[in-house]
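Chemist: Just so you know, full-length UniProt numbering puts 83 at position 83 of the sequence shown, and the rest follows in order with no gaps.
By construction, the Cβ of each residue, glycine as well, lies at the ideal position given by its N, Cα and C atoms.
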Amino acid sequence: MNESPSYYAIIPAGVRYDKQLPQGAKILYGEITALSSKSGSCWASDQYFMTLYEVGQTTIQRWLRALEDSGYIERHVKYKDGTKEIEKRYIKIRTDPMPKNGNTYSQKRVYPMPKNGQE
Numbered sequence: 001m002n003e004s005p006s007y008y009a010i011i012p013a014g015v016r017y018d019k020q021l022p023q024g025a026k027i028l029y030g031e032i033t034a035l036s037s038k039s040g041s042c043w044a045s046d047q048y049f050m051t052l053y054e055v056g057q058t059t060i061q062r063w064l065r066a067l068e069d070s071g072y073i074e075r076h077v078k079y080k081d082g083t084k085e086i087e088k089r090y091i092k093i094r095t096d097p098m099p100k101n102g103n104t105y106s107q108k109r110v111y112p113m114p115k116n117g118q119e
């Protein structure tokens with residue numbers, strides 16, 4: 001059977017309705033899902049996304065940062081040996097986005113703490 005890559009994009013409701021994300025970041029997320037469907041990660045360059053969406057590198061970086069800060073993607077960079085020059089960047093879709101402020105503790109006590117020896 002001849003295997004052909006899938007070119008459809010998936011944008012889950014959490015991403016679609018996230019009011020903190022720029023609209024372009026939502027479409028970029030869909031493109032990343034389409035490019036990473038086979039291997040689980042995408043290694044498209046900023047230049048690829050810039051050409052595809054006809055925007056500048058700053059815009060692409062801002063969209064990627066927004067997706068990463070919201071917990072929707074992870075970026076991993078591989079550098080050339082002994083340098084700070086990027087050899088390859090991998091973008092991975094997080095299947096379990098972090099809830100916003102999900103693991104933080106309240107600064108205020110909502111109930112009095114018991115004294116030592118008391119319950």
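CB-CB under 7 Å to residue 66, same chain, minus the five flanking residues each way: which ones, in chain order?
Modeler: Within the same chain, residue 66 has close Cβ partners 21, 22, 25.
Chemist: Going by DSSP, what residue range makes up the alpha helix (DSSP H) through residue 87?
Modeler: That residue, residue 87, is in no alpha helix (DSSP H); its beta strand (DSSP E) goes 86 to 93.
Chemist: Quick one: is residue 33 buried, meaning 16 or more other Cβ sit within 10 Å of its Cβ, or exposed?
Modeler: Residue 33 should be labelled buried.
Chemist: Tell me which residue opens and which closes the alpha helix (DSSP H) that residue 26 is part of.
Modeler: Residue 26 -> alpha helix (DSSP H) spans 23 to 35.
Chemist: Please state whether the Cβ-Cβ distance between residue 86 and residue 73 is less than 8 Å.
Modeler: No, the Cβ-Cβ distance between residue 86 and residue 73 is not below 8 Å.
Chemist: Along the beta strand (DSSP E) that carries residue 77, what are the first and last residues, could you check?
Modeler: Start and end: 73 to 79.
Chemist: Determine which residues share a DSSP beta bridge with residue 41 and list them.
Modeler: Paired residues: 92.
Chemist: Since residue 10 and residue 30 are thought to touch, with beta carbons under 8 Å apart, how far apart are those beta carbons, to the nearest angstrom?
Modeler: Yes, they are in contact, since the Cβ atoms of residue 10 and residue 30 sit about 7 Å apart, within 8 Å.
Chemist: CB-CB under 7 Å to residue 44, same chain, minus the five flanking residues each way: which ones, in chain order?
Modeler: Around residue 44: 35.
Chemist: Residue 14 lies in the alpha helix (DSSP H); which residues open and close that run?
Modeler: Looking at the DSSP string, the run of the alpha helix (DSSP H) that includes residue 14 is 13 to 16.
Chemist: Verify whether the separation of the beta carbon atoms of residue 94 and residue 77 is less than 8 Å.
Modeler: No.
Chemist: Give the DSSP-derived three-state secondary structure of residue 66 in the structure shown.
Modeler: If DSSP states are grouped into helix, strand and coil, residue 66 belongs with the helices.
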